[in-house]
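The structure appears right after this line, and notes come after that.
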Amino acid sequence: MATYGTISSEFGALADASWLTTSYSLATCAVQPITGKLSDIYGRKGVLLGSYVLFAVGSVGCGIGQAMWQVIAGRVVAGLGAAGMTVIVSILITDLVPLIQVASWRSYVNVVATIGRSIGGPLGGYLADTVGWRWSFIGQSPIIGLAIILVALRLPSHTSPPALPTITKPAKPTRQPSKLRRVDFIGAFLLALTIVSLLGALSLGGQNLPWTHPVVIGVGAGSVVLGAAFVAWEVNGAFEPVFPPSLIVKRDVATAYGIITLQAAAQLAMMYTIPLFFRSTHNSSNTVAGSHLFPAVLGNTLGGLLSGLYISRTGHYKTLSLLAALSSSLSYILLIIRWTADREINWLESLEIVPGGFGTGIAFSATFVGLGAC
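If you use the working numbering, the sequence shown corresponds to residues 162 to 535, in order.
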């Protein structure tokens, strides 16, 4: 994230810098449900290895891209791989670990991921300042190659998958559906189109076109129509829905999804804007701008670890969700009040983003266990 301003400036497309994050997140969100279903059908190991390969190909594609759209396309491919990398790890934890220990193991995964993010920001900025931003993408390939080797050699070929949703069967035996029919490709496609059109309207409106422009209104209306089509398909057409409507009507599930959505949106917005803030208002180098993300990463690590230990010892997680909201709100209020372009932000004041990361770390551990208990 520390290099996105440099990348977009090189291609003269600073207004499109957000798509370097958005395209990655969109691809990840679109295929995550399918990834889980594919792992149910074909096994965790093969899907995880395929995800690593996609991520490596996408990263190299970003590094060799000669235009902004090519880099964004590489981010899409990397996002497809990232979906499997994150989902399969979470599924493996629930496959192999008792529910009471899930939060602790999930926090360990968060620590490893957080260490990577904490190193990645300053390292990516340093590479951009020295050998060029392209190596911040290409340099990930050897690490992914090592991960592929370790998974191929160490991960069992078969784990115990969680029970699939109960499907009422007829009294007489019937022909079983093919494996591919069990994957809701149409639902995933409609969901992806819904998100793309919504983001397109939000991206065009107020920047390239007025909010009242027919194109913006049309794209926004299209997202509503596509969303309705997605819901209709999931309710009436899908054999095994990518997003079963019966889940969202459960209060606990809807609450957990709401918490995750708000926490992730706030955290990603902060992680994206902080490097740009220091680059534009303080004329900081990429290395310095990226290093200002470390306090958030530190808070995320502490939040995940402490909440995991608390849940594993007490079995309670609801109070933690409230604590997460309060902690994150404190951080963002401080940023709104104190971080302005007309004053210098020192390193001590950078610690004001720690509660934001702390709250997100708590929320992810608590909701992960909460969803597992639903």
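Just so you know, even glycine gets a beta-carbon here, dropped at the ideal spot from N, CA and C.
In terms of DSSP beta bridges, what is LEU370 paired with?
In the sequence shown, residue 370 corresponds to position 209, counting from 1. Note: LEU370 sits in a beta bridge opposite GLY366.
Alpha helix (DSSP H) containing GLY166: first to last residue?
If you number the sequence shown from 1, residue 166 lands on position 5. GLY166 -> alpha helix (DSSP H) spans 165 to 171.
Looking at the structure shown, is TRP294 part of a helix, part of a strand, or coil, going by DSSP?
Your numbering for residue 294 matches position 133 in the sequence shown. Three-state DSSP puts TRP294 in coil, outside helix and strand.
Does ALA178 come out as helix, strand or coil in the three-state DSSP assignment?
Reading the sequence shown from its first residue, position 17 is the one you call residue 178. Coil, per DSSP.
Ordered list of alpha helix (DSSP H) runs contained in the segment 199 to 273, each at least 4 residues
Inside the segment 199 to 273, DSSP marks whole alpha helix (DSSP H) runs of 4 or more residues at positions 205 to 225 and 229 to 257, from first to last along the chain.
May I have the straight-line CA-CA distance separating GLY388 from ALA308, to the nearest angstrom?
Working through the sequence shown from its first residue, we reach residue 388 at position 227. Working through the sequence shown from its first residue, we reach residue 308 at position 147. Straight-line measurement puts the Cα of ALA308 at about 37 Å from the Cα of GLY388.
Is it a yes or a no for the segment 477 to 486 touching the segment 449 to 459, going by three-plus beta-carbon pairs under 8 Å?
Verdict: no, contact absent.
Classify VAL192 as helix, strand or coil using the three-state DSSP reduction.
Position 31 of the sequence shown, counted from the first residue, corresponds to residue 192. VAL192: helix per DSSP, three-state reduction.
Once the 5 residues before and after PHE172 are set aside, which same chain residues still bring their CB inside 7 Å of it?
Position 11 of the sequence shown, counted from the first residue, corresponds to residue 172. Hits under 7 Å: ALA228 and MET229.
Please go through the same chain and pick out, in chain order, the residues whose beta-carbon is closer than 8 Å to the beta-carbon of ILE347, but skip the five residues on each side of it.
Along the sequence shown, read from residue 1 onward, the residue named residue 347 stands at position 186. Within the same chain, ILE347 has close Cβ partners TRP394, GLY398 and ALA399.
Rounding to the nearest angstrom, what Cα-Cα distance links VAL270 and ILE378 in this structure?
Looking up residue 270 in the sequence shown gives position 109. Looking up residue 378 in the sequence shown gives position 217. So the two alpha carbons sit approximately 42 Å from each other.
When the Cα atoms are used, what is the spatial distance from SER184 to GLY166?
As a position in the sequence shown, residue 184 is number 23, starting the count at 1. As a position in the sequence shown, residue 166 is number 5, starting the count at 1. Going from the Cα of SER184 to the Cα of GLY166 covers about 16 Å.
Taking buried to mean at least 16 other C-beta atoms within 10 Å of its own C-beta, is ASN507 buried or exposed?
As a working note, residue 507 is residue 346 in the sequence shown. Under a 10 Å Cβ-count criterion, ASN507 is classified as exposed, with fewer than 16 other Cβ atoms of the shown protein chains found around its own Cβ.
Between VAL410, VAL392 and GLN368, which has its C-alpha nearest VAL403's C-alpha?
Looking up residue 403 in the sequence shown gives position 242. Measuring from the Cα of VAL403, the nearest candidate turns out to be VAL392.
If you run the structure through DSSP and keep just helix, strand and coil, what is THR521?
As a first step, residue 521 must be located in the sequence shown, where it is residue number 360. Here DSSP, grouped into helix, strand and coil, assigns THR521 to helix.
Sub-9 Å separation of LEU215 and ALA239 beta-carbons
As a first step, residue 215 is located in the sequence shown; it is residue number 54 there, counting from the start. As a first step, residue 239 is located in the sequence shown; it is residue number 78 there, counting from the start. Yes; because the gap between Cβ atoms is below 9 Å, this pair is in contact.
Measuring CA to CA, which of ALA485, LEU363, GLY517 and SER441 is closest to TYR493?
Here residue 493 is taken as the residue at index 332 of the sequence shown, counted from 1. Taking the Cα of TYR493 as reference, the smallest distance to any Cα among ALA485, LEU363, GLY517 and SER441 is reached at GLY517.
Can you tell me the Cα-Cα spacing of GLY460 and GLY419, whole angstroms?
To locate residue 460, count along the sequence shown from 1; it is residue 299. To locate residue 419, count along the sequence shown from 1; it is residue 258. Cα-Cα distance, rounded: 21 Å.
Locate the alpha helix (DSSP H) running through VAL403, then write down its first and last residues.
Start at 1 with the first residue of the sequence shown, and residue 403 comes out as number 242. In this chain, VAL403 is not harboured by any alpha helix (DSSP H), its DSSP state being neither H nor E.
By the 10 Å Cβ neighbour count, where 16 or more other Cβ atoms means buried, how is TRP180 classified, buried or exposed?
Counting from one through the sequence shown, the residue named residue 180 turns up at place 19. Flag for TRP180 reads buried.
So the alpha helix (DSSP H) ASP413 belongs to, where does it begin and stop?
Translated into the one-based positions of the sequence shown, residue 413 becomes position 252. First-last of the alpha helix (DSSP H) with ASP413: 412 to 442.
Three-way DSSP call (helix, strand, coil) for SER104 in this model
Any question about residue 104 goes unanswered here, given that the chain covers just 162 to 535.
Quick check: what's the CA-CA separation for ARG440 versus TRP294?
Taking the first residue of the sequence shown as position 1, residue 440 is located at position 279. Taking the first residue of the sequence shown as position 1, residue 294 is located at position 133. A straight line joining the alpha-carbon of ARG440 with that of TRP294 spans about 15 Å.
Identify whether THR501 lies in helix, strand or coil by the three-state DSSP scheme.
Along the sequence shown, one-based indexing puts residue 501 at 340. Per DSSP, reduced to three states, the secondary structure at THR501 is coil, with no helix or strand assignment.
Can you list, in chain order, the residues of its chain whose CB lies under 8 Å from that of GLY219, leaving out five sequence neighbours each side?
On the sequence shown, residue 219 is found 58 positions in, with the first residue counted as 1. Counting only Cβ-Cβ distances below 8 Å, and skipping sequence neighbours, we find GLY235, ARG236, VAL237, VAL238, ALA239, GLY240, LEU241 and GLY242.
Below 9 Å between beta carbons: does that hold for ARG541 and ILE202?
This structure leaves residue 541 out entirely; the chain is present only between 162 and 535.
So for ASN507, helix, strand or coil by DSSP?
Locating residue 507 in the sequence shown gives position 346, counting from the first residue. If DSSP states are grouped into helix, strand and coil, ASN507 belongs with coil.
Do GLY361 and SER384 have their beta-carbon atoms positioned less than 9 Å apart in this structure?
In the sequence shown, residue 384 corresponds to position 223, counting from 1. In the sequence shown, residue 361 corresponds to position 200, counting from 1. In this structure, GLY361 lies closer than 9 Å to SER384 by Cβ.
Proximity below 9 Å, CB of SER297 to CB of ALA217
Here the question's residue 297 lines up with position 136 in the sequence shown. Here the question's residue 217 lines up with position 56 in the sequence shown. No. Outside cutoff.
Relative to the C-alpha of SER268, which candidate in GLU510, LEU209 and GLY464 has its C-alpha closest?
Looking up residue 268 in the sequence shown gives position 107. Among GLU510, LEU209 and GLY464, the Cα nearest to that of SER268 is on GLY464.
For VAL396, is the classification buried or exposed, using 16 other Cβ atoms within 10 angstroms of its Cβ as the cut-off for buried?
Indexing the sequence shown from 1 puts residue 396 at position 235. Per the 10 Å Cβ criterion, exposed.
Counting only the same chain and skipping the five closest in sequence on each side, list residues whose C-beta sits under 7 Å from that of PRO194.
Residue mapping note: residue 194 aligns to position 33 of the sequence shown, counting from 1. Correct list, in chain order: ALA349, VAL403 and PHE404.
6 Å Cβ shell around SER526 - same chain, five flanking residues per side excluded
On the sequence shown, residue 526 is found 365 positions in, with the first residue counted as 1. Closer than 6 Å at Cβ, skipping near neighbours: ALA264, ARG267, SER268, GLY465, SER468 and GLY469.
Taking the alpha carbon of ALA310 as the reference point, which residue from CYS223, LYS206 and ARG499 has its own alpha carbon closest?
Start at 1 with the first residue of the sequence shown, and residue 310 comes out as number 149. A small correction: the amino acid at residue 310 is Ile; Ala does not occupy that position in the sequence shown. Checking every option, the nearest Cα to that of ILE310 belongs to LYS206.
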